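Undergrad: From first to last, the protein sequence lines stand for chains A and B. Numbering follows the numbering used here, with no gaps: position 27 of the first sequence is 1238. Numbering follows the numbering used here, with no gaps: position 515 of the second sequence is 558.
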Amino acid sequence: MIEKEVLIVNRAGMHTRPASQVVKLASKFKSEISLERDGFVINAKSIIGVMTLAAEQGAKLKLIIKGDDENQAMEELCKLFESGFGEDI
Amino acid sequence: MTLNNLSNNVHRRIINGIPSSPGLVLAKAILFQPDLEFTYKDQITADQIQDNLDRLDIALNDTISDLYTVLNKIGENKEEITQVIESHLMILKDDYFIDLIRNQIKSGTSVEKAIVDEFDKQSNLLLKSKDLLLKERAYELEQIKDRLLLSLRNKCILYEAAKDLIVVAKSLSPADVIKFHDAGAKGFITEVGGITSHSSILARNLAIPMIIGVIHALEFIKENNEIILDGYSGQIVINPDEVSIRKFNEKLKKEEDRLKIYGEIKDVKSETKDGKYIRLMANIDIAKDIDNAMIFGAEGIGLVRSEHLIITLNRIPTEEEQYQWYKSIVERAYPQPVTIRGFDIGTDKFSMGVHKHEKNPALGFRGIRYLLAEPIVFKSQIRAILRASVNRNLNFMLPMITCFEQILKAKELIYEVMDELCRNDISFDENLQIGVMIETPAAVMIAEKLAEVSEFFSIGTNDLTQYTLAVDRSNEFVSNLFDSFHPSVLLMIKKTAEAAFSKNIPVSVCGELAGHPAATKLLIGLGINQLSVSPPNLLDLKRRVLEIDYSEAKIFAEDLLKVTNCENIREKLSINK
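1) How should N51 of chain B be labelled, buried or exposed, when 16 other C-beta atoms within 10 angstroms of its C-beta is the threshold for buried?
2) Do M324 of chain B and S64 of chain B have their C-beta atoms closer together than 8 Å?
3) For I1259 of chain A, which residues in chain B fall below 7 Å Cβ to Cβ?
4) Counting only Cβ pairs nearer than 7 Å, list the residues of chain A close to C493 of chain B.
5) By the criterion of Cβ-Cβ separation under 8 Å, what are the contact partners of Q126 of chain B in chain A?
6) Indicate the three-state DSSP secondary structure (helix, strand or coil) for M44 of chain B in the structure shown.
7) Have a look at B:S240, B:L99, B:G385 and flag the residue whose alpha-carbon is nearest the alpha-carbon of H1226 of chain A.
8) Using beta carbons (cut-off 8 Å, strictly below), is K1273 of chain A in contact with chain B?
9) So, does the CB of N248 of chain B fall closer than 8 Å to a CB anywhere in chain A?
10) Are the region 69–87 of chain B and the region 200–216 of chain B in contact at 8 Å, needing three or more beta carbon pairs?
11) Is there a Cβ of chain A sitting closer than 8 Å to that of S153 of chain B, yes or no?
12) Just by C-beta distance, which residues in the region 454–486 of chain B are closer than 9 Å to chain A?
13) Counting only Cβ pairs nearer than 7 Å, list the residues of chain A close to E129 of chain B.
14) Take F525 of chain B as the anchor and find which of B:T511, B:I536, B:M535, B:K537 has the nearest alpha-carbon.
15) Starting from the beta carbon of R1248 of chain A, find every residue of chain B whose beta carbon is closer than 7 Å, and list them in chain order.
16) I want to verify the contact list: residues of chain A whose CB lies under 7 Å from the CB of S172 of chain B, in sequence order.
17) Does Y182 of chain B pass the burial test, meaning 16 or more other C-beta atoms within 10 Å, or should it be called exposed?
18) Anyone know if the C-beta pair for R40 of chain B and A431 of chain B falls short of 8 Å?
19) Where E595 of chain B and R180 of chain B are concerned, what is the direct C-alpha to C-alpha distance, given to the nearest angstrom?
20) Could you check whether the region 1216–1232 of chain A touches the region 1267–1275 of chain A, counting it as contact only if at least three pairs of C-beta atoms, one from each stretch, sit closer than 8 Å?
21) So the candidates are B:L441, B:I469, B:T445, B:E262; which of them puts its Cα closest to the Cα of L456 of chain B?
22) Going by alpha carbons, who is nearest to A513 of chain B out of B:V420, B:T483, B:G503, B:E601?
23) Please decide whether R180 of chain B counts as near chain D, where near means a Cβ-Cβ distance under 8 Å.
24) Using a Cβ-Cβ cutoff of less than 8 Å, which residues in the same chain neighbour Q509 of chain B once the five nearest sequence positions on both sides are dropped?
25) Counting only beta-carbon separations shorter than 8 Å, does A1223 of chain A have a partner in chain B?
26) Taking a cut of 7 Å between CB atoms, which residues from the region 420–452 of chain B lie near chain A?
27) Please go through the region 365–428 of chain B and give each complete beta strand (DSSP E) segment of 3 or more residues, from N-terminal end onward.
28) Could you give the first and the last residue of the continuous alpha helix (DSSP H) run that contains N1254 of chain A?
29) Are three or more beta carbon pairs between the region 441–452 of chain B and the region 484–503 of chain B nearer than 8 Å?
30) What do you get for M535 of chain B, buried or exposed, if any count of 16 or more other CB atoms within 10 angstroms of its CB means buried?
31) I'd like the list of long-range same chain contacts for V127 of chain B, defined as Cβ closer than 6 Å, with 5 residues on each side in sequence excluded.
32) What span of residues does the alpha helix (DSSP H) with N26 of chain B cover, start to end?
33) Who are the Cβ neighbours of R322 of chain B in its own chain at under 6 Å, not counting the five residues just before and after it?
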């Protein structure tokens, strides 16, 4: 199992579109992928879960990944978060 | 007179709502009231479990294939709409979420109650959020829930019935909006819904007039009533008389003429021939100008002069008055960004109750100087700005900056107000973008330093020209010396743009120069990538942008800056004085 802190950098935060992007990407991997915010843990493959994180710009989340392809998943998901979901920063 | 005639002869009535998508339409009404009030049992027996699970799957498949149909109807280049529908599909295909419903059924809850329970649980989580956008998403969950419940009862909606009519509903889901549009509906009126909701955004995108927040619309408006819907003002005229219809036709004629001229290139992406994107925005003074700006294809409001409120009221507006005004602007422009500038008021424009007469107001007590000296006024403006910033499309700009410390002092006050709001549990955008108006030579000379503490720059070319050239344009003896194409002014713009790039912050030009036909190529060549002009200038500006080759414009600007003679510059730009 690996963990890493990620930051929401885009202006509008993790609203519908970014949330869909996270779910789409997470679903490509076999590993169990969770996101934690202030003790609240959700499944990153669930759109409802990701939306209810209500992560605004500046929010810090913990990515927790467990499974065979965890390293690859961590790398790609971190890249997506760092890019600000391709939106205005 | 027959009863039928009587009912057709009802009186004119005017009701109002919040305009959420511009446009004018006169048509008959159709009431859209899906029957959602029905009873169902909460508990089921063990032998009914499989049947309930099957019904859930059928309802899900139904709704999913329905949304795919909607998706296929969306034309190209409508990425925003596509994403909304895709996100709804993802919710319906969210195994982790649907499993929660399945598990409830397996433990003896009816499919109806399981759906209602689980959707409500998630909606409530979203509703608790301080984030207004997430609250809107909660309403969308409601709509998906309603759609599933309708499907469970084998009810379908006859969207085709709305052809050429205005749809009046309690609320409309994004899928409803698309389907009604597809069926030929002419306008939408809803009792609830936010201006930042996906449905409102869709209506704007599809250019169907829409008015939301019309209280008791379903009671006032009867099936088949003739209605005038004014998506600019939010006014609805039920059973309009001849006078109303005549006025409507006059207004419609004007709108059609305007759209004829500008319609074609409004949706063309604003980029140079070689593909450099230039963001074109509008400067506005009054909220209703936003509609014009959006019709002309503005991608945001580059400058709102907040002092307009002071000038209109002839006094300093209260926090609440400001809040309402800012809110109406940022909501109307959403999701496009809006830059509101702090009061920049000099004694030339306003003297009552502010400060005493000055000999030289342009060099006097104005902009940030006034704001920092009157913290009560400034803080009330900041509070209003922050309260209006919840949708995160508001930027705040500081006027007349000449010193680095002025930005720090202003930010200190902004953070103070943020703390107060936090303590009072009032929501705002914690990441409010704070930028600086570059309009004095002092600011240009220290622009690199200013860029360290600014999130964007906006160049006000009128004041920058006045201060650089020491020319008062309103003074007839020297006004002929006022020249924004003076090499010194152009160098100032270049230096500002370079400072912005070095710190990677956006830089726009929002002064008169931005809309000058001869300046477009030059400004783009200098590296300016955002231009903000008055709404009517937008389309001509876009036409020019489409004609420009960026790599050529860069060389052109470089060469031009080597010219030191004002006359020669004008010649090269073919400007006649």
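Think of the CB as a built atom: it goes at the ideal place given N, C-alpha and C, for glycine as much as any other residue. Note that this is a predicted model, so its numbers are computed, not measured.
TA: The relevant details are as follows:
1) Along the second sequence, read from residue 1 onward, the residue named residue 51 of chain B stands at position 8. Confidence at N51 of chain B is low in this model, with a pLDDT of 47, below 50, so its placement is unreliable and the value that follows should be read with caution. So N51 of chain B ends up on the exposed side.
2) Within the second sequence, numbered from 1, the residue matching residue 324 of chain B stands at position 281. Within the second sequence, numbered from 1, the residue matching residue 64 of chain B stands at position 21. The answer is no: Cβ separation not under 8 Å.
3) Numbered from 1 along the first sequence, position 48 holds the residue referred to as residue 1259 of chain A. Correct list: I134, D137, F140, Q165.
4) Here residue 493 of chain B is taken as the residue at index 450 of the second sequence, counted from 1. Note on identity: in this sequence residue 493 of chain B is Leu, with Cys being the wrong assignment. Those do not exist, as L493 of chain B stays about 19 Å from chain A at its closest Cβ, beyond 7 Å.
5) On the second sequence, residue 126 of chain B is found 83 positions in, with the first residue counted as 1. Those are T1227, R1228, S1231, listed as they occur along chain A.
6) For the purposes of this step, residue 44 of chain B is identified with residue 1 of the second sequence, where counting begins at 1. Per-residue confidence for M44 of chain B stands at a pLDDT of 39, beneath the threshold of 50, marking its modelled position as unreliable; no derived number is given.
7) Locating residue 1226 of chain A in the first sequence gives position 15, counting from the first residue. The option with the nearest alpha carbon to H1226 of chain A is B:S240.
8) Against the first sequence, residue 1273 of chain A aligns to sequence position 62. No, no contact with chain B.
9) Against the second sequence, residue 248 of chain B aligns to sequence position 205. So no, N248 of chain B is outside the interface.
10) The region 69–87 of chain B makes contact with the region 200–216 of chain B, as at least three CB pairs between them are under 8 Å.
11) By one-based count along the second sequence, residue 153 of chain B stands at place 110. Chain A contact via Cβ: absent.
12) D472, E473, N474, Q476
13) Working through the second sequence from its first residue, we reach residue 129 of chain B at position 86. In chain order: S1231.
14) Along the second sequence, read from residue 1 onward, the residue named residue 525 of chain B stands at position 482. Minimum Cα distance to F525 of chain B is reached at B:T511.
15) The residue given as residue 1248 of chain A occupies position 37 in the first sequence. Result: empty, since nearest Cβ-Cβ is about 12 Å, beyond 7 Å.
16) Here residue 172 of chain B corresponds to residue number 129 of the second sequence, with the count starting at 1. What S172 of chain B touches in chain A: A1265.
17) For this step, residue 182 of chain B is matched to residue 139 along the second sequence. Classification for Y182 of chain B: buried.
18) Summary: the structure shown does not reach residue 40 of chain B, with chain B confined to residues 44 through 620, and so no result is reported for it.
19) Here residue 595 of chain B refers to the residue found at position 552 of the second sequence. Here residue 180 of chain B refers to the residue found at position 137 of the second sequence. Looking at the two C-alpha atoms, the distance is approximately 46 Å.
20) A contact exists between the region 1216–1232 of chain A and the region 1267–1275 of chain A.
21) By one-based count along the second sequence, residue 456 of chain B stands at place 413. Taking only the C-alpha atoms, the option nearest L456 of chain B is B:L441.
22) Here the question's residue 513 of chain B lines up with position 470 in the second sequence. Of the candidates B:V420, B:T483, B:G503, B:E601, the one whose C-alpha sits nearest the C-alpha of A513 of chain B is B:T483.
23) Looking for chain D here will not work: the only protein chains present are A and B.
24) If you number the second sequence from 1, residue 509 of chain B lands on position 466. Counting only Cβ-Cβ distances below 8 Å, and skipping sequence neighbours, we find A405, D515, R516, F525.
25) Counted from its first residue, the first sequence places residue 1223 of chain A at position 12. It does: the Cβ of A1223 of chain A has a partner Cβ on chain B nearer than 8 Å.
26) R435
27) 381–384
28) Position 43 of the first sequence, counted from the first residue, corresponds to residue 1254 of chain A. Careful: N1254 of chain A lies outside any alpha helix (DSSP H), inside the beta strand (DSSP E) at 1251–1254.
29) yes
30) Indexing the second sequence from 1 puts residue 535 of chain B at position 492. Only buried fits M535 of chain B, as 16 or more other CB atoms lie within 10 angstroms of its CB.
31) Residue 127 of chain B sits at position 84 when you count from the first residue of the second sequence. Within the same chain, and ignoring the five residues on either side of V127 of chain B in sequence, the residues whose Cβ sits closer than 6 Å to its Cβ are P217, H241.
32) There is no way to answer for residue 26 of chain B, as the model of chain B reaches only from 44 to 620.
33) Numbered from 1 along the second sequence, position 279 holds the residue referred to as residue 322 of chain B. Result list for R322 of chain B: E342, Q573, in chain order.
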